[in-house]
Amino acid sequence: MPYNWFDRNLKWIYVLPAVAFVLVMMLFPILYTVRISFYEWSMSAITPPKWVGLDNYAALLKESRFWHAAGSTLYFTVVALAVEVVLGVAIALLLSREFRGKNLVKTVFLLPMVATPVAMGLVWLLIYEPTIGAANLMLKAIGLKPMLWLGSPAQAIPSLIIVDVWQWTPMISLIVMAGLATIPREPYEAADVDGAGRWKKFASITLPLLRPTILVAAMLRLIDVLKTFDIIYATTQGGPDLATETLNIYGYVLGFQYFKLGMASSLLVLFFALVMGLTLVMIWMRKRMEAQYD
Amino acid sequence: MNLLQRRLSAGLAIVMTVAMLAGCSGKSGGGSAESTMKAEPSAKASASPSSGQAAPSAKPFEGKTINLVTANHPWADAIKPLIPDFEAATGMKVNVQGYFEDQLTQKLTVQFTAGSETPDVFMYRPLQEGKLFFKNGWLQALDDYVNKDPAYDFADISKSAIGTATVDGKLAGIPIISEQEILYYRKDLLEAAGIPVPKTIDELVAAAKKLHDPGKEMYGFVARGQRSPLVTQVSSFLYSEGGDFMNGDKASINTPEALKAFTTYGTLLKDYGPPGVLNMSWPQAFGIFGQGKVAFLTDANSLYKNATDPSKSQVADKVGFAPFPAGAAGSKPYNITSWGLAINAKSVDKDAAWAFIQWATSKEIVLKTQEKGNPGARTSVWDNPQGTTGFPPELVAVIKESVKGGIDHDRPTVINVGEARDAVGEIVQKIITGETNVQPVADKANEALQAVIDKDKNK
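Top to bottom, those sequences are chains A and B.
Be aware that the first sequence starts at 149, since it is given in the numbering used here, and climbs by one per residue.
Be aware that the second sequence starts at 17, since it is given in the numbering used here, and climbs by one per residue.
This is how it looks when you write it as structure tokens:
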């Protein structure tokens with residue numbers, strides 16, 4: 149009886165589209181990428197892919213350029229994430245208070261997040277222009293020395309971090325504001341009775357209760373920062389002198405500029421492992437923290 | 017927190033990680049949808065009177081459709097308004113799509129890898145992708161097509177341009193844009209300082225030094241400083257000092273001539289360039305030149321409008337053009353085909369595709385696109401006074417001069433151009449960042465370039 153069959157299997161049928169989507173659009177590309185990573189292939193229609201086993205991985209791990217890219221990825225990620233989390237939480241705390249024009253401030257503050265990253269990259273490229281850009285005009289106006297920004301290997305990553313912080317801090321704030329709204333009032337009242345000060349209340353009540361939320365926000369952001377591509381490619385394309393070449397950019401270069409599909413794939417597999425590893429560490433941290441407060 | 021929640025969060029993390037990488041590796045699939053879109057029989061075209069060059073009965077491609085993919089390039093802007101005439105004369109429908117350079121390469125690569133029948137005709141960069149595309153079996157060799165119609169006059173297309181578009185003795189595409197490197201300078205500044213237009217690289221360095229005044233935000237020289245983009249522009253320095261990227265199948269970017277050329281270029285940018293040159297490709301270089309803050313600029317002549325168009329340049333009426341200055345081996349700028357038209361080897365209707373190319377690169381149409389400022393590859397059009405009306409007269413003289421001694425490549429001619437360019441670019445970037453011990457850097461880059469060349473031999 150088909151009707152009964154549907155009835156009994158309804159829970160499977162409902163999730164089927166989602167499962168199919170994940171299989172076709174996510175799992176398949178990943179497995180395919182893993183497969184290509186064992187081949188040498190320039191996408192030729194004439195020369196078929198050549199099986200090279202783990203050679204691609206071995207070659208990558210020997211390359212100083214790969215390690216440099218991995219270093220740049222971590223540098224960019226750690227600093228951007230740290231600044232965004234601290235700033236994001238601070239701003240969320242500010243915005244959770246009542247003041248006039250609060251909604252307007254909130255809206256304006258969230259705008260960078262909605263903007264298209266590549267377009268923003270191009271705008272920042274103009275802002276950072278050392279001779280005619282707005283950033284240096286501002287520095288000069290307040291009597292500071294102009295900087296090279298994206299034009300100097302040492303300043304390029306910090307400059308990009310500023311862009312990332314500008315664009316994505318609002319996301320952290322948004323999540324943390326949601327978390328703030330769920331904190332019960334009672335602990336504060338109890339603290340008031342005990343005569344706790346503002347700082348004490350923040351450190352002993354707000355922060356611990358917010359911690360799970362902050363960790364979720366940080367984890368979401370972590371994955372996103374690690375894979376940052378658009379703003380880097382739109383502004384420096386990995387330069388100057390490879391200073392901003394992250395793993396993602398290097399993967400693109402290997403794939404679409406050097407046409408080394410096998411190498412590019414093996415890099416992506418390693419990158420996948422890195423992202424996965426860091427994410428698992430975050431989940432483990434969260435678990436431990438929960439155990440502490442349970 | 018219960019178990020379900022924990023599992024959910026772990027699951028969420030995994031799915032998100034997965035989604036991220038799926039975004040990075042989405043290389044398969046692509047554009048077969050377009051090919052299913054067959055032409056609606058072009059009622060519009062048959063209703064309008066045919067444009068005279070073809071008899072009404074001779075609409076050989078009635079009802080056919082081809083897909084054309086162009087770069088966002090002035091040539092594409094010039095050809096698009098002319099296409100309706102072609103459609104009316106042949107009965108063919110031409111669908112046009114445009115992309116920025118990098119996206120174009122990527123789009124074509126993805127389409128061809130997927131074995132797509134579209135696009136039928138596309139713009140490509142013979143020196144950048146030509147070898148790879150051809151050797152991957154993606155391009156239709158055109159040798160059998162070009163001499164079918166004597167009126168096309170294939171011999172009229174410049175030899176060096178054809179040389180650029182030839183791979184393994186086969187014609188991979190038809191040149192549409194040719195370009196040479198020239199020297200742009202500020203007439204007013206040179207006049208005020210009493211400096212004659214530099215004829216040699218030494219004079220250029222001296223003049224740039226004299227006009228360099230960073231305190232007043234006035235800089236002597238600008239050119240591309242980004243790793244890969246700079247390679248094509250340093251090439252003319254290299255040739256003019258008597259070097260080249262390769263000597264036969266030996267990499268030669270660590271020779272004394274090469275080091276001299278790279279050091280000159282790098283030092284000009286380091287000592288007399290505006291701040292931030294390391295992150296400049298041509299838009300930034302022309303941008304700051306157009307802001308009136310730089311005295312000299314070397315780049316391709318085909319970009320001259322960025323310096324002389326008043327909407328882009330504040331010094332539009334003060335820009336002078338000169339042939340590339342001479343080094344130890346004379347003035348040897350590159351003289352290359354920067355863009356060509358090619359046919360997809362899997363295109364279902366190659367005759368229709370060729371008909372389009374034949375039309376778009378005919379004397380008549382090249383004249384029309386060249387009048388709009390797109391330097392073409394046909395000798396007869398350059399000899400025709402009307403053919404040069406799209407350029408300032410001074411520039412025409414410079415172009416004619418540059419073509420004489422020109423070299424037919426502006427980057428290492430290998431399959432994997434991207435990697436080879438990065439090897440060369442690294443040397444120059446190191447010089448710009450102040451590295452004084454250049455020889456070891458160059459030796460290492462030379463090895464990298466040699467590895468790229470050696471790989472080609474197995475293909």
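Where is the CB? At the ideal position from N, CA and C, for every residue including glycine.
Looking at B:Leu246, B:Gly179 and B:Leu254, the one whose alpha-carbon comes closest to that of Gly387 (chain A) is B:Leu246.
When Cβ-Cβ separations below 8 Å define contact, Lys186 (chain B) makes no contact with chain A. For the segment 152-166 of chain B, the residues whose beta carbon sits under 8 Å from a beta carbon of chain A are, in order, Asn152, Gly153 and Trp154. For Arg243 (chain B), the closest Cβ of chain A is nearer than 8 Å. Rounded to the nearest angstrom, the gap between the Cα atoms of Ser418 (chain B) and Ala393 (chain B) is 14 Å. The DSSP assignment places complete beta strand (DSSP E) segments of no fewer than 3 residues inside the segment 228-270 of chain B at 235-238, in order along the chain.
The CB of Glu435 (chain B) comes closer than 7 Å to the CB of Tyr406 in chain A, given here in chain order. The continuous stretches of alpha helix (DSSP H) do not include Arg394 (chain B), and DSSP gives it neither H nor E. Close partners of Leu229 (chain A) in chain B (Cβ separation under 7 Å) are lacking, with about 15 Å as the shortest Cβ gap. Just so you know, the alpha carbons of Glu117 (chain B) and Ser132 (chain B) end up roughly 20 Å apart.
Going by beta carbons, Ser190 (chain A) and Leu148 (chain B) fall inside the 8 Å limit. Annotated three-state conformation of Met295 (chain A) is coil, per DSSP. Here DSSP, grouped into helix, strand and coil, assigns Glu219 (chain B) to helix. Around the beta carbon of Ile161 (chain A), fewer than 16 other beta carbons sit within 10 angstroms, so the residue counts as exposed. Taking a cut-off of 8 Å for Cβ pairs, the segment 287-303 of chain A and the segment 284-296 of chain B touch, as three or more such pairs fall below it.
Taken in chain order, the unbroken stretches of alpha helix (DSSP H) that lie wholly in the segment 362-413 of chain A and span 4 residues or more are 378-383 and 395-400.
In summary, the residues of the segment 282-302 of chain B whose CB is separated from some CB of chain A by less than 8 Å are Pro290, Pro291, Gly292, Val293, Leu294, Asn295, Met296 and Gln300, in the order they occur in the chain. Counted as a single uninterrupted DSSP element, the alpha helix (DSSP H) harbouring Tyr161 (chain B) occupies residues Asp159 to Val162. In this structure, Phe237 (chain B) sits away from Ala345 (chain B), with a CB-CB distance that is not shorter than 8 Å. Ala228 (chain A) sits buried, since 16 or more C-beta atoms from the chains shown fall within 10 Å of its C-beta. Fewer than three Cβ pairs drawn from the segment 381-389 of chain B and the segment 459-469 of chain B lie within less than 8 Å of each other, which leaves the two stretches out of contact. DSSP lists no bridge partner for Ser190 (chain A). When beta bridges are read from the DSSP output, Val137 (chain B) appears opposite B:Leu84 and B:Ile359. About 15 Å separates the CB atoms of Gly264 (chain B) and Ala274 (chain B); that is not less than 8 Å, and the two are not in contact. About 7 Å separates the beta carbons of Trp316 (chain A) and Met261 (chain A), which is inside the 8 Å limit, making them a contact pair. Taking the beta carbon of Leu148 (chain B) as reference, the chain A residues within 8 Å of it are Ser190 and Phe407, listed in sequence order. Not a single CB atom of chain B sits nearer than 8 Å to the CB of Gly327 (chain A). Phe154 (chain A) is classed as exposed because its beta carbon has fewer than 16 other beta carbons within 10 Å across all chains shown.
Considering only B:Ser363, B:Phe102 and B:Ile82, the residue with the shortest C-alpha distance to Gln113 (chain B) is B:Ile82. Considering only beta carbons, the part of the segment 280-298 of chain A lying closer than 8 Å to chain B consists of Ile280, Pro294, Leu296, Trp297 and Leu298, in chain order. The C-beta separation of Pro356 (chain A) from Arg434 (chain A) comes to about 13 Å, leaving the pair out of contact by the 8 Å criterion.
For Leu155 (chain B), the beta-bridge partners assigned by DSSP are B:Asn360. Not flagged as an interface residue toward chain B: Ala218 (chain A), since no C-beta distance is shorter than 8 Å.
Within the model, the alpha-carbon separation for Ala208 (chain B) versus Tyr201 (chain B) is close to 13 Å.
Pairing Tyr151 (chain A) with Lys159 (chain A), the inter-Cα distance amounts to about 14 Å.
Taking a C-beta distance under 8 Å as the contact criterion, Tyr281 (chain B) and Ile423 (chain B) do not qualify as a contact pair.
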